[in-house]
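Beneath this line is the structure, given in structure tokens, with notes to follow.
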Ligand code: FEO
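Residue numbers (my numbering): 14 to 411.
Okay, here's the thing in structure tokens:
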């Protein structure tokens with residue numbers, strides 16, 4: 014680990030986890046990740062913002078020593094999850110005068126999960142400030158990006174916003190700054206899809222709250238530092254606030270070609286109307302890619318054969334994931350085939366999407382007995398017409 018300057022008096026200490034392949038045993042990582050800690054030296058006090066994931070603690074403490082940190086006054090914890098706060102007990106043991114500065118909710122979680130004593134904390138509330146001498150930290154509560162405890166820390170004199178998980182990316186890179194925006198875009202969008210999207214409504218409020226701040230640098234807890242903050246702020250506005258795009262995604266499974274024929278017909282028909290469409294074969298598919306597609310899609314068409322009195326399990330999984338990730342999808346349809354008793358398929362999918370029912374319009378399902386024939390394709394034509402009209406209404410609203 015090395016310490017690198019992001020502003021005068023502010024060092025970045027990045028624990029690079031090049032080979033990590035899954036996060037929280039849930040989120041697939043394609044480019045590893047980082048755990049970013051920041052060392053701020055004021056004229057009177059020294060503070061850390063975040064620590065690192067416990068496997069990197071020894072290296073982290075050595076890097077602090079190499080950076081000449083003999084006394085530490087504060088450890089600001091913007092979030093209790095162990096990938097950022099897991100080294101706090103070791104840092105407190107190493108620097109006995111240091112106090113953990115955080116909000117009440119984060120304090121409770123750190124006490125419970127890391128057994129840190131009450132007298133090692135300084136509790137802060139919305140808008141509180143902490144002076145380091147010539148540098149001042151101000152705290153803003155931003156719950157649910159990613160847990161209910163999350164907050165951000167603003168360094169007023171340098172116009173740096175420390176955001177922990179918020180605006181992060183799972184991207185292990187030797188680059189300190191997010192200057193390769195195309196590369197960071199891909200990682201940041203996956204991160205948003207898999208971690209932030211369920212909290213879209215909270216993000217909308219946080220973006221409003223942070224809008225008045227003059228921000229020259231966003232220093233997240235994962236991935237490179239943004240020295241052009243508009244890059245990631247504009248993306249979050251597009252992903253979390255803007256209406257969905259006129260895009261259709263089709264998670265599908267087919268056992269004996271009937272559903273595939275329907276998916277192919279639907280895909281071609283949508284393309285003929287100039288509507289963006291992307292089918293995803295969910296058998297052995299990449300749930301992460303599907304999650305990214307959900308970020309901006311207006312319409313999801315679940316395509317499945319009837320299996321054991323319900324949708325195929327991989328489509329059940331796709332519908333469950335859609336419900337859990339809370340995308341801004343507005344329209345849903347079910348298509349597919351059955352040999353007998355097919356009506357259970359669409360009902361089950363609607364049940365799985367119960368969390369989105371106030372925002373979603375369900376179109377009439379198109380279910381065929383066996384291979385699709387003339388009337389089935391006419392029914393798909395009607396579905397395409399409905400999708401087209403509905404999507405045009407979104408464009409008009411935007
Ligand atoms: Fe990066 Fe929610 O921790």
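C-beta: ideal position from N, C-alpha, C; glycine also.
Per DSSP, what kind of secondary structure is residue i in: helix, strand or coil?
i, result
"residue 207", "helix"
"residue 126", "helix"
"residue 68", "helix"
"residue 233", "strand"
"residue 411", "Here residue 411 scores only 45 on pLDDT, less than 50, and its place in the model is too uncertain to base an answer on."
"residue 291", "strand"
"residue 163", "coil"
"residue 258", "strand"
"residue 238", "strand"
"residue 197", "helix"
Output the boundary residues of the alpha helix (DSSP H) element that contains residue i.
i, result
"residue 285", "271 to 285"
"residue 221", "213 to 223"
"residue 305", "300 to 307"
Could you spell out the range, first to last residue, of the beta strand (DSSP E) harbouring residue i?
i, result
"residue 327", "That residue, residue 327, is in no beta strand (DSSP E); its alpha helix (DSSP H) goes 326 to 338."
"residue 349", "344 to 351"
"residue 184", "Careful: residue 184 lies outside any beta strand (DSSP E) and carries neither H nor E."
"residue 53", "46 to 54"
"residue 247", "No beta strand (DSSP E) contains residue 247, which is instead part of the alpha helix (DSSP H) from 242 to 249."
"residue 30", "23 to 30"
"residue 310", "310 to 320"
"residue 175", "173 to 177"
"residue 61", "59 to 62"
"residue 145", "That residue, residue 145, is in no beta strand (DSSP E); it is neither H nor E in DSSP."
"residue 18", "16 to 20"
"residue 151", "149 to 154"
Quick one: is the Cβ of residue i within less than 6 Å of any heavy atom of ligand 1?
i, result
"residue 96", "yes"
"residue 178", "yes"
"residue 159", "yes"
For residue i and residue j, which I take to be in contact (beta-carbon distance under 8 Å), what is that distance rounded to the nearest angstrom?
i, j, result
"residue 234", "residue 48", "7 Å"
"residue 177", "residue 91", "4 Å"
"residue 359", "residue 378", "4 Å"
"residue 163", "residue 155", "5 Å"
"residue 133", "residue 174", "At roughly 26 Å, the Cβ-Cβ gap does not stay under 8 Å, so residue 133 and residue 174 are not in contact."
"residue 314", "residue 346", "5 Å"
"residue 129", "residue 123", "5 Å"
"residue 265", "residue 272", "6 Å"
"residue 306", "residue 349", "The pair is not a contact, with the Cβ atoms about 19 Å apart (cut-off 8 Å)."
"residue 183", "residue 46", "4 Å"
"residue 316", "residue 275", "6 Å"
"residue 286", "residue 401", "5 Å"
"residue 338", "residue 310", "Actually they do not touch by this definition, with Cβ atoms about 11 Å apart."
"residue 185", "residue 30", "6 Å"
"residue 61", "residue 74", "Actually they are not in contact, since the Cβ atoms of residue 61 and residue 74 sit about 11 Å apart, beyond 8 Å."
Using a C-beta cutoff of 7 Å, does residue i count as contacting chain D?
i, result
"residue 28", "In the structure shown, chain D cannot be found, because there is only a single protein chain."
Exercise for review: Pick out the complete beta strand (DSSP E) segments inside the stretch 358 to 409, 3 residues or longer, and give them in chain order.
Suggested key: 379 to 382
Practice item. Would you list, in sequence order, the uninterrupted alpha helix (DSSP H) runs of no fewer than 4 residues that lie entirely inside the stretch 69 to 143? Key: 70 to 79, 95 to 98, 101 to 107 and 117 to 127
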